[in-house]
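Each remark here refers to the structure printed beneath this line.
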Amino acid sequence: MNCYTSGKFISWEWWHLLLLFALFDVVASQSIIQTLPGYPGILPIKLETGYVSVGEVDEVQLFYYFVESERNPVKDPLVLWLTGGPGCSAFSGLVYEIGPLMFDVPAFNGSSPSFFLNPYSWTKIANIIFLDAPVGTGFSYATTSEGYYSSDTKSTKDTYTFLRKWLLEHQRFIENPLYIAGDSYSGILVPMIVLEISNANEVGYMPRMSLQGYMLGNPATHLHMDYNARIAYAHRVGLISDNYYQCTGRVNRPHILEPKCSTSWGKRYNDYSKDILIPSQQEELWCRDNYVTCYVWANDPTVREALHIRDGTKSEWRRCNKSLSYEEDIASVVEYHRLLSKKGYRVLIYSGDHDMVIPYVGTVAWINSLNLTIDDNWRPWFVDGQVAGWEWWHLLLLFALFHVVASQSIIQTLPGYPGILPIKLETGYVSVGEVDEVQLFYYFVESERNPVKDPLVLWLTGGPGCSAFSGLVYEIGPLMFDVPAFNGSSPSFFLNPYSWTKIANIIFLDAPVGTGFSYATTSEGYYSSDTKSAKDTYTFLRKWLLEHQRFIENPLYIAGDSYSGILVPMIVLEISNANEVGYMPRMSLQGYMLGNPGTDIHMDENARVAYAHRVGLISDEYYQSAKRSCRGEYVSPDPNNAECIYYLQLIKECTGRVNIAQILEPQCSTSWGKRYDDYSKDILMPSQQEERWCRYDNYVTCYVWANDPTVREALHIRDGTKSEWRRCNESLSYEEEIASVVEYHRLLSEKGYRVLIYSGDHDMVIPYVGTVAWINSLNLTIDDNWRPWFVDGQVAGFTERYTENSIYSLTFATVKGGGHTAPEYKPKECLAMVDRWFSFYPL
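Residues -29 to -1, 1 to 814 (mature numbering (1 follows the signal peptide of the UniProt record, and there is no 0)) are what the sequence shown spells out, left to right.
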């Protein structure tokens, strides 16, 4: 839309800006500074200072220094710079870090300091606003006592308002690429400001800012994580020995190789030397006392006059004002980075590698928690042919979205069970794949309580390649083999009093293709992968519901254990995305359940050493030595790290004969070395077992039963489709392409689903300590602190509940005494757990 005036068309957007300018009541003052005390002659830079009023009644006056780019101010980026603190003046950034002027410290004799030009100023390539924020910082002030209160949240909004008004006063910079930048404590504020701008742009606030991204140096991000990284960093750089942790008190944390200044320590992030007023107070040993000059200069009346500082607004200027009325109300901004990672901005995070205030190791840790894809691996970067540091680049992992032939039979009798089954059992196939070449087999058991209202659960056993029949007869289903009565002939069943089908309808699905009785009609159809299996499972469920429309309205949960921990979140996201775009039938997805789940393959396996130490399988010495020498990397240690390899070998000798599926039970010689659930797949006859009982003896029964021709006939297995049934098929043509699904959990945490994660606490295949670690990495809010949960008055385990935005909840529970497949070991407790969870009761 255009308007006509004075013979020219003016775009509606500019009319909007003019109107906004009139209505917004932009209260600002600005002055062009051509000379400054300490610099001889006319400044060779374009410097402007001024105030912009913000706050509900313009009671806050934020002061700024603005320097135009020395290259091309019309096209070069516009950068808003905040120095850390909170309460440290952006003037510090201007004269000590990135600005065009620097104090001549060696020439300083206690009188008026002098400047020289910084040949490495960022203003050579960018327009930079140096902002004194929050209120009370530098020359910023308030006109009321109440106006001096601020916080992370309020400062963010004030800074956005400042920038909005500043751009209305400087409209020639509206189209310049905009970056928000800062260091130290500004690491908390900058992502919040960026999100504020981004949200305002999305809802159409004017002026629309040309936001491109943000830059942060040694940024505070997660205060606990930042501080916690200091010990690991101190160990890395040799400040502490392997056995001592109290050797850093006299170290200068801002730069560990420089002397510590006695007047500067114990202050907040950047609050160095704020009390230094004359150099005679300094120790004879040099320390970074350059900051003396800024106090002397900024408190000179001629300087204040030159900068156009308003009289009476600031009795004493301090580089860092520690007496702010300021609430640090945001402890972590990792979630802000996560949200911004989805919006397409560019981000630069840099860290001085000798900083122990916010060590780079902690920064790397939170970056890694975002689960971004490494696009350019860790490598050195160079200036003048010399290594200047090391870098890596991340890109977001992108997940593809999803793009109706079935047979079914009602089973009333089964070999091994006397008479008519007291449950409603159905088996069948559903065709999936591009040309329906994959035939997925399932067992479906209706709820024994109320199939019309009870949840519908899709269950996948781990592997990949382990049949859901294992879950049906050994974990959560209504039938169990009578193992003590088994004599090598046809096994018999009894009813499981703790079957989850007492409270839920359950589909036990043989997936991926090749698992259990599932098969393909072409050789190519047997290929599968994590991604393909997730899509096939979604297609299965979509077709199954079209054939069973009476269950479409039932609350739907996807569940599984072990390796299914990789697949279930992928399937849930597949369903969620399909629901959002309107695919039919719309599924009543409520959440998902996972037992001892594979989640991040490396993290899961790496947790075994810490777990082994917790439960006394390895000594303190072995653990601490391995932790120190391997630096927490036990799965893929440096082969040249002889000390690490040595201690890992000792740990292996301690744990190698332990049954890691349940550390208190005997190890079965036929089961070791297989994938997550691939236990005893080769057991066919009991005569092959050792005399000492082990749990894998129980699995003999399923091989004998499922390969009986009368059983296949009863289940309506198609002739010729499966020569030999195996509980776990290790010969799948399967690609385990997804190494971690932490990001899937993170994405799902934003969608309002319910999640139950449970872990048998005697499982060392996927120890609960690793599971707790990735749950914690989601940075959820703890809604119900760690506590015991009970069955029949006895402690059944421990639980903790997390929430996110009041719509998402995750319950974590340990199952005391449980192994890798917890319901197999503790069926009564696990039924009580899921019954309470389905009913929205606390455990």
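Positions of the beta carbon are idealized from the N, C-alpha and C atoms, including for glycine.
How many angstroms separate the CA atom of residue i from the CA atom of residue j?
{"i": "T108", "j": "S40", "result": "25 Å"}
{"i": "P738", "j": "T115", "result": "57 Å"}
{"i": "E306", "j": "N747", "result": "13 Å"}
{"i": "T502", "j": "P483", "result": "11 Å"}
{"i": "L450", "j": "G691", "result": "27 Å"}
{"i": "T681", "j": "W745", "result": "46 Å"}
{"i": "G333", "j": "L588", "result": "30 Å"}
{"i": "L210", "j": "H325", "result": "Here L210 scores only 46 on pLDDT, less than 50, and its place in the model should not be relied on; the value that follows carries that caveat. Computed Cα separation, rounded: 12 Å."}
{"i": "D47", "j": "I16", "result": "15 Å"}
{"i": "T284", "j": "L295", "result": "15 Å"}
{"i": "W93", "j": "L51", "result": "12 Å"}
{"i": "N281", "j": "P225", "result": "Looking at the sequence shown, residue 281 is not Asn but Arg. When rounded, the distance between both Cα atoms is 34 Å."}
{"i": "V805", "j": "P389", "result": "30 Å"}
{"i": "residue 818", "j": "Y36", "result": "Given that the chain is displayed from residue -29 to residue 814, the structure contains no residue 818 and the question cannot be resolved."}
{"i": "G764", "j": "G790", "result": "21 Å"}
{"i": "P426", "j": "L560", "result": "10 Å"}
{"i": "Q520", "j": "T492", "result": "27 Å"}
{"i": "I227", "j": "E167", "result": "Confidence at I227 is low in this model, with a pLDDT of 41, below 50, so its placement is unreliable and the value that follows should be read with caution. Rounded to the nearest angstrom, the two C-alpha atoms are 36 Å apart."}
{"i": "A685", "j": "V539", "result": "30 Å"}
{"i": "A677", "j": "S596", "result": "49 Å"}
{"i": "H279", "j": "I164", "result": "28 Å"}
{"i": "G442", "j": "Y497", "result": "23 Å"}
{"i": "T782", "j": "N98", "result": "49 Å"}
What does a CB cutoff of less than 6 Å around residue i pick up in its chain, not counting 5 residues either side in sequence?
{"i": "G158", "result": "L187, P190, A191, T192"}
{"i": "V274", "result": "P8, W268"}
{"i": "P794", "result": "E446, I447, C801"}
{"i": "F457", "result": "T672"}
{"i": "G536", "result": "L565, P568, G569, T570"}
{"i": "P798", "result": "Y469"}
{"i": "P148", "result": "P48, S181, Q183"}
{"i": "W515", "result": "V401"}
Would residue i be called buried (16 or more neighbouring beta carbons within 10 Å of its own) or exposed?
{"i": "D75", "result": "exposed"}
{"i": "M327", "result": "buried"}
{"i": "H195", "result": "exposed"}
{"i": "E287", "result": "exposed"}
{"i": "T792", "result": "buried"}
{"i": "P272", "result": "exposed"}
{"i": "N421", "result": "exposed"}
{"i": "G603", "result": "exposed"}
{"i": "N756", "result": "exposed"}
{"i": "G175", "result": "exposed"}
Just reading off the alpha helix (DSSP H) that residue i is part of, what are its end residues?
{"i": "R807", "result": "798 to 809"}
{"i": "Q638", "result": "Element bounds for Q638: n/a, residue is neither H nor E."}
{"i": "A530", "result": "Element bounds for A530: not the alpha helix (DSSP H) but the beta strand (DSSP E), 527 to 532."}
{"i": "T20", "result": "Premise fails: T20 lies in the beta strand (DSSP E), 18 to 25, not in any alpha helix (DSSP H)."}
{"i": "I616", "result": "613 to 626"}
{"i": "E604", "result": "Unbroken run through E604: none, as it is neither H nor E."}
What are the partner residues of residue i, as DSSP defines its beta bridges?
{"i": "A113", "result": "V31"}
{"i": "H193", "result": "S303"}
{"i": "E771", "result": "F783"}
{"i": "A491", "result": "V409"}
{"i": "N476", "result": "L427"}
Since residue i is in the beta strand (DSSP E), which residue starts that stretch and which ends it?
{"i": "residue 891", "result": "There is no way to answer for residue 891, as the model of the chain reaches only from -29 to 814."}
{"i": "G536", "result": "Premise fails: G536 lies in the alpha helix (DSSP H), 535 to 552, not in any beta strand (DSSP E)."}
{"i": "S122", "result": "120 to 122"}
{"i": "N170", "result": "Run containing N170: none in the beta strand (DSSP E); it sits in the alpha helix (DSSP H), 157 to 174."}
{"i": "I100", "result": "98 to 103"}
{"i": "I151", "result": "149 to 154"}
{"i": "L443", "result": "Per DSSP, L443 belongs to no beta strand (DSSP E); it is in the alpha helix (DSSP H), 439 to 445."}
{"i": "L65", "result": "Not the beta strand (DSSP E): L65 falls in the alpha helix (DSSP H), residues 61 to 67."}
Take residue i and list the residues in its own chain whose beta-carbon comes closer than 7 Å to its own, dropping the five residues that flank it on each side.
{"i": "G184", "result": "Y150, Y316, R317, V318"}
{"i": "T774", "result": "L751, T752, D754, S780"}
{"i": "L718", "result": "L544"}
{"i": "I394", "result": "V416, E419, P449, T472"}
{"i": "S111", "result": "Q32, L33, F34, D103, A104"}
{"i": "M73", "result": "V66, F86, F87, N89"}
{"i": "Y582", "result": "M735, P738, V740"}
Measuring only from the beta carbon, is residue i closer than 7 Å to any heavy atom that is part of the ligand MG?
{"i": "S504", "result": "For the ligand MG, the structure offers nothing, since it holds no ligand at all."}
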